[in-house]
Amino acid sequence: MKITVVGTGYVGLVTGTCFAETGNNVTCVDIDANKVKKLSSGQITIYEPGLEKLFERNQKEGRLHFTTDLAEGIKDARIIFLALPTPPGEDGSADLSYILGVADQLGKLLTDYKVIVDKSTVPVGTADKVHAAIAKHGVTDFDVVSNPEFLREGVAVEDFMKPDRVVIGTTSERAQKIMNELYAPFVRQGNPILFMDEKSAELTKYAANSFLATKITFMNEIAILCEKLGADVDMVRRGIGSDDRIGKRFLFPGIGYGGSCFPKDVQALVKSSEEVNYNFRILNAVTDVNEKQKLFLLPKIEAYFSNNLKGKHFALWGLAFKPNTDDIREAPALYIIDALVAAGATVTVFDPEAMENVKRVIGDKVKYADHQYECLQGANALIIATEWSVFRTPDFDAITGTLQHKVIFDGRNLFDVKRMQELGFHYESVGRQAAT
Ligand code: NAD
């Protein structure tokens with residue numbers, strides 16, 4: 187099948203590459219000429235485990251193309267995916283200008299039947315708006331389908347190739363048949379393709395992300411309570427996670443969720459609710475708790491240094507909003523850096539993949555280390571903000587030998603508290619008693 191993917195970011199590039207991997211002929215369109223130039227010359231633009239190999243193979247075998255020209259990109263395509271940004275607008279609602287802008291362009295270009303697919307996360311009613319934006323140009327032979335994406339950055343290729351489920355919102359039988367054919371290779375193990383109406387599909391994505399954000403936030407509040415009551419959140423987590431109704435996943439407390447999806451999607455669902463005169467109280471609380479959670483370590487750090495961070499120097503491990511990605515959108519690490527620098531401290535950072543992105547955003551606000559141990563030179567304490575595997579079993583002798591003081595503030599509970607006590611560290615984490 188000939189497919190076009192408009193928007194070649196985290197979702198678009200994975201979507202395009204994975205569809206090429208099952209034999210489709212894919213053209214990815216992006217307005218960022220620099221990105222298209224790089225991709226066309228075989229240079230991958232995001233870090234995503236496993237993606238590069240598929241990208242290289244499919245490009246070499248002529249199934250994956252890149253262009254900035256929408257008209258050229260959609261030529262002969264049967265399906266056009268919109269994998270465009272839907273950032274929060276000023277009032278928190280999803281900004282649909284990218285989606286509707288491209289829909290308007292498509293209205294001027296379509297000449298034969300095509301399926302237009304909303305892959306982006308979009309509020310209920312967007313499929314109708316996309317339909318109207320195209321139809322106003324007099325085009326009638328097309329369908330608009332809502333097909334939200336559930337991939338997780340860091341395991342995006344695996345998620346895309348073997349999805350738990352594929353959600354397809356359309357009432358058109360013709361579009362259903364085409365989408366079914368396209369996705370059949372991805373659900374061979376028996377996971378379902380769930381067909382539903384457009385609105386239910388659109389809401390499914392927001393409900394999923396909001397539920398997950400709520401689950402994390404609930405655990406973060408339990409962690410706060412654990413510290414106050416003298417309990418250990420690791421024990422509580424195991425205690426509740428073994429109940430099938432709760433499940434083991436997504437129960438790890440930390441310094442809040444970040445990324446390009448949860449914060450904006452929770453906000454957008456609150457806004458959609460307000461538009462129909464409903465106050466989604468739980469989600470307002472989730473956002474509120476999460477904002478505070480990003481700076482959860484700060485009072486601990488301040489208390490340890492007697493409320494005077496001026497002239498103190500910190501090493502910070504982990505910048506990406508989660509491991510195995512270079513994505514730093516809404517990353518808690520950036521909030522911690524801001525707070526430390528505002529308090530007069532200096533910071534040296536290390537991240538296995540996200541340093542270039544951070545340099546682009548905050549420049550010389552911090553120093554950048556080439557190695558995780560080099561990062562510790564002259565620091566009064568180490569702060570851990572992302573749970574990269576490479577931080578999990580570090581060389582504690584190297585840490586002891588390089589840090590000025592044996593002090594670690596761990597926002598991701600990487601180490602055993604008892605062990606840290608034995609090693610003589612002052613160690614504070616989330617929802618567990620401190621080792622001193
Ligand atoms: P992104 O910012 O990484 O990529 C968007 C791409 O669209 C960019 O390359 C940009 O240059 C391009 N673009 C902007 N305007 C364009 C235009 N007019 N024509 C062509 N290209 C244009 O965004 P993303 O993370 O891939 O997210 C895309 C959508 O998917 C969002 O709605 C997001 O909520 C949703 N989503 C994201 C994830 C994720 O993990 N990142 C997961 C599921 C769903």
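Going left to right, the sequence shown walks through residues 187 to 622 as this note's numbering numbers them. Positions of the beta carbon are idealized from the N, C-alpha and C atoms, including for glycine.
Euclidean distance between Cα positions of E359 and E384
In the sequence shown, the residue the question calls residue 359 occupies position 173. In the sequence shown, the residue the question calls residue 384 occupies position 198. Cα to Cα, E359 sits roughly 13 Å from E384.
On the DSSP letters alone, give me the boundaries of the beta strand (DSSP E) that G332 sits inside.
Your numbering for residue 332 matches position 146 in the sequence shown. The sequence given here places Ser at residue 332; Gly does not occur at that position. Here the beta strand (DSSP E) through S332 covers F328 to S332.
Apart from the five residues on each side of it in sequence, which residues of its chain come closer than 8 Å, Cβ to Cβ, to V576?
Working through the sequence shown from its first residue, we reach residue 576 at position 390. These residues qualify, in order along the chain: P538 and Q558.
If you pair each beta-carbon of the region 389-399 with each one of the region 440-458, do three or more pairs fall below 8 Å?
Yes, the region 389-399 touches the region 440-458.
Is A269 near the ligand NAD, judged by its Cβ being under 7 Å from some heavy atom?
Residue mapping note: residue 269 aligns to position 83 of the sequence shown, counting from 1. Under cutoff, so the answer is yes.
Can you give me the C-alpha to C-alpha distance between F438 and A321, rounded to a whole angstrom?
In the sequence shown, residue 438 corresponds to position 252, counting from 1. In the sequence shown, residue 321 corresponds to position 135, counting from 1. So the alpha carbons of these two residues sit roughly 47 Å apart.
Nearest candidate by alpha-carbon position, reference Q386, set T400, T357, L368 and E276
Here residue 386 corresponds to residue number 200 of the sequence shown, with the count starting at 1. Per the sequence shown, the amino acid found at residue 386 is Ser instead of Gln. The shortest C-alpha separation from S386 is found at T357.
Inter-residue spacing [alpha-carbon to alpha-carbon] between A319 and E388
Here the question's residue 319 lines up with position 133 in the sequence shown. Here the question's residue 388 lines up with position 202 in the sequence shown. Taking the straight line joining both Cα atoms gives about 18 Å.
Can you check whether the CB of P509 is closer than 8 Å to the CB of W574?
Here residue 574 refers to the residue found at position 388 when the sequence shown is read from its first residue. Here residue 509 refers to the residue found at position 323 when the sequence shown is read from its first residue. Yes.
Does E614 come out as helix, strand or coil in the three-state DSSP assignment?
In the sequence shown, the residue the question calls residue 614 occupies position 428. Strand.
Check whether the Cβ of D204 sits closer than 7 Å to any heavy atom of the ligand NAD, and report yes or no.
Numbered from its first residue, the sequence shown carries residue 204 at position 18. As written in the sequence, residue 204 is Cys, which differs from the Asp given in the question. Every heavy atom of the ligand NAD is 7 Å or more from the Cβ of C204, so no.
Leaving aside the five residues before and after S459 along the sequence, list all residues of the same chain whose C-beta is less than 8 Å from its C-beta, in chain order.
Position 273 of the sequence shown, counting from 1, holds the residue named residue 459. Closer than 8 Å at Cβ, skipping near neighbours: N465, F466 and L469.
Residues in the same chain with beta-carbon distance under 7 Å from T588, minus the five sequence neighbours each way, listed in chain order, please.
By 1-based counting over the sequence shown, the position of residue 588 is 402. If we look at T588 and ignore the five residues flanking it on each side, its Cβ neighbours are Y559, L562 and Q563.
Ignoring anything shorter than 4 residues, give me the alpha helix (DSSP H) runs that lie fully in the region 403-491, in order along the chain.
Here the runs fully enclosed are 419-427, 448-461, 467-479 and 483-490.
Measure the alpha-carbon distance for R598 versus S226 and round it to whole angstroms.
To locate residue 598, count along the sequence shown from 1; it is residue 412. To locate residue 226, count along the sequence shown from 1; it is residue 40. Taking the CA atoms as reference points, R598 sits about 38 Å from S226.
Compute the distance between the beta-carbons of L270 and T203, then report whether it is under 8 Å.
On the sequence shown, residue 270 is found 84 positions in, with the first residue counted as 1. On the sequence shown, residue 203 is found 17 positions in, with the first residue counted as 1. Contact check for L270 against T203 fails: the beta carbons are separated by 8 Å or more.
Quick check: what's the CA-CA separation for K553 versus L600?
Against the sequence shown, residue 553 aligns to sequence position 367. Against the sequence shown, residue 600 aligns to sequence position 414. Take the alpha-carbon of K553 and the one of L600: they are about 24 Å apart.
Leaving aside the five residues before and after G198 along the sequence, list all residues of the same chain whose C-beta is less than 7 Å from its C-beta, in chain order.
Walking along the sequence shown from the start, residue 198 turns up at place 12. Excluding residues within five positions, the ones whose Cβ falls inside 7 Å are V191, C214 and A269.
What separation, rounded to the nearest whole angstrom, lies between the Cα atoms of G236 and V343?
Residue 236 sits at position 50 when you count from the first residue of the sequence shown. Residue 343 sits at position 157 when you count from the first residue of the sequence shown. G236 and V343: Cα-Cα distance of roughly 7 Å.
Per the DSSP calculation, V303 is bridged to which residue(s)?
Position 117 of the sequence shown holds residue 303. Bridge partners of V303: F267 and V331.
Is there contact between the region 398-413 and the region 425-440, where contact requires at least three CB pairs shorter than 8 Å?
Output reads yes: the region 425-440 touches the region 398-413.
Would you kindly check if the distance between the Cβ of G530 and the Cβ of T143 is under 8 Å?
Absent from the model: residue 143. The displayed extent of the chain is 187 to 622, so no value can be given.
Is K300 near the ligand NAD - that is, is its Cβ less than 7 Å away from at least one heavy atom of it?
Translated into positions along the sequence shown, residue 300 becomes position 114. Because no heavy atom of the ligand NAD lies under 7 Å away, the Cβ of K300 does not count as near it: no.
Taking DSSP as the reference, what is the three-state secondary structure of A501?
Position 315 of the sequence shown, counted from the start, is the residue given in the question as residue 501. A501: strand per DSSP, three-state reduction.
So, are the CB atoms of G355 and V331 less than 8 Å apart?
Translated into the one-based positions of the sequence shown, residue 355 becomes position 169. Translated into the one-based positions of the sequence shown, residue 331 becomes position 145. The answer is yes: Cβ separation under 8 Å.
Kindly indicate which three-state DSSP category G355 falls into: helix, strand or coil?
Along the sequence shown, one-based indexing puts residue 355 at 169. Correct three-state label for G355: strand.
How long is the line joining the alpha carbons of E542 and T326, rounded to whole angstroms?
Working through the sequence shown from its first residue, we reach residue 542 at position 356. Working through the sequence shown from its first residue, we reach residue 326 at position 140. Answer to the nearest angstrom: the Cα atoms are 46 Å apart.
Can you confirm whether the region 467-486 touches the region 422-432 when touching is taken to mean that 3 or more C-beta pairs between the two stretches lie within less than 8 Å?
Judged by Cβ distances under 8 Å, the region 422-432 makes no contact with the region 467-486, as fewer than three pairs qualify.
What residues in its chain sit with their C-beta under 6 Å from that of D216, if we drop five residues either side in the sequence?
Along the sequence shown, read from residue 1 onward, the residue named residue 216 stands at position 30. Excluding positions up to five away in sequence, the list reads T194 and V222.
Beta-carbon contacts of G311 that lie in its chain and below 6 Å, excluding the five residues immediately before and after:
Position 125 of the sequence shown, counted from the first residue, corresponds to residue 311. Result list for G311: empty, nothing under 6 Å.
Specify, as a first and last residue, the run of the beta strand (DSSP E) that K545 falls within.
As a first step, residue 545 must be located in the sequence shown, where it is residue number 359. Judged by DSSP secondary structure, K545 falls outside any beta strand (DSSP E) and instead within the alpha helix (DSSP H) spanning M541 to I548.
With DSSP as the reference, label T231 as helix, strand or coil.
Numbered from 1 along the sequence shown, position 45 holds the residue referred to as residue 231. Three-state result, T231: coil.
Mark V308 as exposed unless 16 or more other C-beta atoms lie within 10 angstroms of its C-beta, in which case mark it buried.
As a first step, residue 308 is located in the sequence shown; it is residue number 122 there, counting from the start. Buried, by the Cβ-count rule.
Should P273 be labelled buried (16 or more other beta-carbon atoms within 10 Å of its own) or exposed?
Taking the sequence shown and counting its residues from 1, the one referred to as residue 273 is at position 87. With fewer than 16 other Cβ atoms within 10 Å, it is exposed.
Within this structure, are the beta carbons of V316 and P334 separated by less than 8 Å?
Taking the sequence shown and counting its residues from 1, one reaches residue 316 at position 130. Taking the sequence shown and counting its residues from 1, one reaches residue 334 at position 148. Cβ distance not < 8 Å, so V316 and P334 don't count as in contact.
Can you tell me where the beta strand (DSSP E) holding H251 begins and where it ends?
Position 65 of the sequence shown holds residue 251. For H251, the enclosing beta strand (DSSP E) begins and ends at L250 to T253.
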